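Participant: Sharing a structure here in structure tokens format.
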Amino acid sequence: MEDAIVKLTSKEGETFDVPRKVAMMSKLVKDTFSDDDDEDDEEDETEVKEVPLPNVTAPVLKKVIEYCTHYQDEEMTPIQTPLKSGTLDELVQAWYANFVKVDRNMLFDLVAAANFMDIKPLLDLTCLAVSILIKGKSAQELRQMFNISAELSPEEQAEAQRENAVAE
Amino acid sequence: MFWLYMGTSGVLSDLVYHFGGLDGPTILFLATLGAITIFRREMSCNHCYVEEPSTDSRIGERTEDDEISSKDWNDEETEELLEGAGRYCSGALLAPVIDNLLKILHGKGNNMVDSLLSEHRPQTTEEILDAAGCYCSGIPFLRSLFRSRPPRSIRVISFSHAYNQQGFLPSLPLDAQIHMLSFLHPRDIVNVACVNKACNRLIDEGPSSSLVWKTIWNRDYAWLVESWDIGRLAKERSGIEPNFSKDFYFRFSLASTNYLLAGQNNYDRCLVGIGGHIYDLSLFLAVHPGSPETVMAHAGQDATDFFARINHSAGARQIAKSHCVVVDLAFVDPEDCGAKPTKAISLDESCTVITAPAQVDPPSTYHSNTLITKRPTLERIRDEFLREEIAHKALASSMDIPALLGDVNVYYDPLAMKWKAWYTSKQFERIFIGFNNNVKQ
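If you read the sequences in order, they're chains G and D.
Residue 1 is where the first sequence starts when you use my numbering, and the numbers rise one by one after that.
Residue 169 is where the second sequence starts when you use my numbering, and the numbers rise one by one after that.
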């Protein structure tokens with residue numbers, strides 16, 4: 001049972017062989033298995049199971065597996081909120097800080113994948129990385145950074161700023 | 169076939185349970201159900217797959233188009249397919265048949281069948297968002313989203329799509345966006361609200377905003393009224409669950425000391441707020457150099473000004489430190505917010521459904537700056553709050569209350585969203601009063 005293999009299939013149909021223990025970090029995979037166990041308990045348990053992940057692309061899935069594999073050796077420090085430090089290195093171990101030093105699209109894809117596959121520590125880490133991008137930035141800086149148009153008239157912008165003015 | 173059988177028998181056993189007490193109609197009913205069980209194959213939506221021999225021969229004839237469409241995930245088709253799967257499992261296919269039967273038998277079958285079916289999937293956006301709320305508070309989101317279990321993992325897709333085009337980063341699911349905000353200081357969150365309309369909607373309006381602030385409040389303050397006995401008394405007095413919004417969060421942070429401590433000024437329990445933090449002086453009363461009465465006259469509320477006026481020595485402050493039970497992090501570090509218990513406080517862990525607080529050491533320095541400016545808040549909310557407070561204090565002092573010890577103490581109840589007051593009677597009882605009309609500013 002311990003060295004059983006789970007096959008995770010990406011959107012493109014590429015299949016990754018992952019040790020069962022690693023794959024079980026995903027609650028989605030875990031739930032799929034517990035469903036199966038209930039249904040056909042008499043079935044051969046050593047059979048290799050395949051889990052389709054139709055909205056996770058191969059490069060993202062590869063990163064996710066890399067994370068889950070490393071997590072087995074070194075658990076990630078739980079994250080304290082609200083953030084006091086603006087740098088990842090002070091909040092999590094070096095390996096995890098480096099893990100999310102990827103381009104923004106990859107980071108967002110990782111958030112979506114962690115959310116979809118229901119991997120709590122990975123979701124925490126990736127959301128933390130995005131939070132750090134947001135932390136301490138003005139609305140204007142955020143618009144530029146994420147390339148979002150304001151879609152607000154100058155009056156509406158002023159109104160929003162007034163409504164949300166922080167008392168000093 | 170297995171699932172159909174399970175689904176059908178589930179529905180049947182429920183029905184039998186409900187109508188087991190009836191005689192005449194029950195026999196007829198059971199007979200009908202028996203017939204359904206026997207002829208379930210003919211009634212099933214997929215009997216053609218089981219019984220039509222032509223299915224096998226068609227496999228060879230598959231065209232290239234078929235191949236592509238099976239790989240290419242078309243949302244509508246998926247949705248339809250999954251919908252089918254959902255019914256297939258839940259026995260909903262039989263619903264119209266059963267429904268009609270019940271109508272004939274009792275003329276009132278609708279409600280029950282409806283309630284049986286409605287258990288299976290959350291239907292409205294609000295329900296989905298609510299499920300996301302559970303996720304934020306630590307209950308696995310997917311589990312609660314499918315109260316009945318998903319037949320296969322792929323069914324999740326249709327729900328992820330429902331989130332799209334919302335909020336700050338439209339490409340990401342809403343609950344992930346809220347998760348991101350949950351790491352941030354309220355100052356940063358209100359900043360995000362100014363970015364564009366979608367962000368503004370996410371944080372300032374509608375069901376998503378109440379989720380955002382519920383998450384942040386759970387993180388920062390919820391334990392005060394959920395697992396601290398003093399706070400639970402305050403919540404009992406309110407007799408109402410909080411209604412989450414941005415205003416609620418900031419008003420709670422402004423009102424918390426006076427709200428939580430209201431009435432806690434007797435010999436058994438003497439609590440006082442100084443410089444944002446809360447001190448439990450119950451054990452210290454007897455040895456306080458001033459009389460216990462002096463302390464009691466200012467207990468049960470924020471006494472920062474009085475404490476500062478008396479000019480307490482460094483030694484006295486050191487003693488106070490050892491009695492500190494709740495630390496307001498904003499007064500220790502401006503980058504921080506929320507309240508944390510010290511090791512001196514006892515918490516009822518059994519009802520900590522929300523974020524369990526990490527205990528902190530009492531602050532070593534006492535900040536004499538006025539309370540309200542240190543707590544994270546918004547200009548508009550703070551100004552409204554202070555004006556209302558002044559108005560209600562004036563109202564309270566103009567009240568004619570006989571047999572009163574000390575002052576009438578005014579506090580804002582953030583859960584009930586009302587200003588209230590309390591005083592000590594000559595018989596040393598704590599009397600709580602409400603204002604007939606809250607003064608609106």
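Using N, Cα and C, we set each Cβ at its ideal position, and we do this for glycine too.
Remember, it's a predicted structure, so these values are computed and weren't measured experimentally.
Quick check: is the beta carbon of residue 81 of chain G nearer than 9 Å to any beta carbon in chain D?
Facilitator: Residue 81 of chain G counts as touching chain D.
Participant: Identify, in the order they occur along the chain, each residue of the same chain with its Cβ nearer than 7 Å to the Cβ of residue 74 of chain G, setting aside the five sequence neighbours on each side.
Facilitator: Excluding sequence neighbours, residue 74 of chain G sits near 93 and 95.
Participant: Pick helix, strand or coil for residue 330 of chain D, following the three-state DSSP scheme.
Facilitator: Bear in mind that a pLDDT of 36 at residue 330 of chain D, under 50, signals an unreliable position, so the model cannot answer this.
Participant: Going along chain D in order, which residues have a C-beta closer than 9 Å to the C-beta of residue 5 of chain G?
Facilitator: Near residue 5 of chain G there are no residues of chain D at all, since even the closest Cβ is about 18 Å away, more than 9 Å.
Participant: Nearest chain D C-beta to residue 61 of chain G closer than 9 Å, yes or no?
Facilitator: No, its Cβ sits nowhere closer than 9 Å to a Cβ of chain D.
Participant: May I ask which residues mark the beginning and end of the alpha helix (DSSP H) holding residue 9 of chain G?
Facilitator: Premise fails: residue 9 of chain G lies in the beta strand (DSSP E), 5-9, not in any alpha helix (DSSP H).
Participant: With a floor of 4 residues, list each alpha helix (DSSP H) that falls wholly inside the segment 400-438 of chain D, ordered by position along the chain.
Facilitator: 414-429, all fully within the segment 400-438 of chain D.
Participant: I need the DSSP call for residue 580 of chain D, collapsed to helix, strand or coil.
Facilitator: Residue 580 of chain D falls in the strand class under three-state DSSP.
Participant: So which residues of chain D does residue 111 of chain G contact, with C-beta pairs closer than 7 Å?
Facilitator: The contacting residues are 340 and 344.
Participant: Taking the continuous alpha helix (DSSP H) assigned at residue 347 of chain D, which residues delimit it?
Facilitator: It spans 342-349 - the alpha helix (DSSP H) in which residue 347 of chain D sits, taken as one unbroken run.
Participant: By DSSP, does residue 231 of chain D sit in helix, in strand, or in coil?
Facilitator: Here residue 231 of chain D scores only 41 on pLDDT, less than 50, and its place in the model is too uncertain to base an answer on.
Participant: Which of helix, strand or coil does DSSP assign to residue 15 of chain G?
Facilitator: Three-state result, residue 15 of chain G: strand.
Participant: Using the three-state DSSP reduction, which class does residue 65 of chain G fall into: helix, strand or coil?
Facilitator: Helix.
Participant: Please report the distance separating the alpha-carbon of residue 603 of chain D from that of residue 550 of chain D.
Facilitator: Taking the straight line joining both Cα atoms gives about 21 Å.
Participant: Taking 8 Å as the threshold, find out whether the segment 568-579 of chain D comes into contact with the segment 413-421 of chain D through three or more Cβ pairs.
Facilitator: Contact between the segment 568-579 of chain D and the segment 413-421 of chain D is absent, because fewer than three Cβ pairs lie under 8 Å.
Participant: CB-CB under 8 Å to residue 384 of chain D, same chain, minus the five flanking residues each way: which ones, in chain order?
Facilitator: Hits under 8 Å: 349, 350, 354, 357 and 417.
Participant: Quick check: the segment 500-518 of chain D against the segment 462-481 of chain D, are at least 3 beta-carbon pairs closer than 8 Å?
Facilitator: Judged by Cβ distances under 8 Å, the segment 462-481 of chain D makes no contact with the segment 500-518 of chain D, as fewer than three pairs qualify.
Participant: Looking only at C-alpha atoms, which of D:600, D:379, D:388 and D:572 sits nearest to residue 404 of chain D?
Facilitator: Ranking the options by Cα distance to residue 404 of chain D, first place goes to D:600.
Participant: Quick check: the segment 559-571 of chain D against the segment 396-414 of chain D, are at least 3 beta-carbon pairs closer than 8 Å?
Facilitator: Contact between the segment 396-414 of chain D and the segment 559-571 of chain D is absent, because fewer than three Cβ pairs lie under 8 Å.
Participant: Assign residue 131 of chain G to one of two classes, buried (16 or more other C-beta atoms within 10 Å of its C-beta) or exposed (fewer than that).
Facilitator: Buried: at least 16 other Cβ atoms inside 10 Å.
Participant: Can a CB atom of chain G be found closer than 9 Å to the CB of residue 372 of chain D?
Facilitator: Taking Cβ atoms only, chain G reaches closer than 9 Å to residue 372 of chain D, which makes this a yes.
Participant: Using a Cβ-Cβ cut-off of 6 Å (strictly less than) and excluding sequence neighbours within five positions of residue 109 of chain G, which residues of its own chain qualify?
Facilitator: These residues qualify, in order along the chain: 60.
Participant: Pick out whichever of D:474, D:366, D:497 and D:457 has its Cα sitting closest to the Cα of residue 81 of chain G.
Facilitator: Cα-wise, what sits closest to residue 81 of chain G is D:497.
Participant: Below 8 Å on the Cβ atoms is my guess for residue 368 of chain D versus residue 160 of chain G; work out the distance and round it to an integer in Å.
Facilitator: That belief holds up - the Cβ atoms of residue 368 of chain D and residue 160 of chain G are roughly 6 Å apart, short of 8 Å.
Participant: Given a limit of 9 Å on CB to CB distance, which residues of the segment 148-160 of chain G reach chain D?
Facilitator: Residues 148, 149, 150, 151, 152, 156, 157 and 160.
Participant: Chain G partners of residue 360 of chain D, CB-CB under 8 Å?
Facilitator: Correct list: 134, 139 and 142.
Participant: Can you tell me whether DSSP reads residue 397 of chain D as helix, strand or coil?
Facilitator: Residue state, collapsed to three classes: helix.
Participant: In the structure shown, what three-state DSSP assignment does residue 467 of chain D receive?
Facilitator: In this structure, residue 467 of chain D counts as coil in the three-state DSSP scheme.
Participant: Tell me where the beta strand (DSSP E) around residue 507 of chain D begins and ends.
Facilitator: Unbroken beta strand (DSSP E) run through residue 507 of chain D: 507-509.
Participant: Should residue 435 of chain D be labelled buried (16 or more other beta-carbon atoms within 10 Å of its own) or exposed?
Facilitator: Exposed is the call here.
Participant: Give me the residue from G:139, G:156, G:121 and G:144 with the minimum Cα distance to residue 27 of chain G.
Facilitator: Taking only the C-alpha atoms, the option nearest residue 27 of chain G is G:121.
Participant: Counting only Cβ pairs nearer than 7 Å, list the residues of chain D close to residue 127 of chain G.
Facilitator: Within chain D, the residues near residue 127 of chain G are 344, 347, 348 and 351.
Participant: Closer than 7 Å between beta carbons: that is the criterion. Which residues of the segment 99-124 of chain G meet it against chain D?
Facilitator: For the segment 99-124 of chain G, which is checked against every Cβ of chain D, the residues closer than 7 Å are 108, 111, 112, 115, 116, 118 and 123.
Participant: Looking at the secondary structure, which residues open and close the alpha helix (DSSP H) in which residue 483 of chain D lies?
Facilitator: Segment 482-490, the alpha helix (DSSP H) holding residue 483 of chain D.
Participant: For residue 445 of chain D, write down the residues that DSSP places opposite it in a beta bridge.
Facilitator: Answer is D:442, bridged to residue 445 of chain D.
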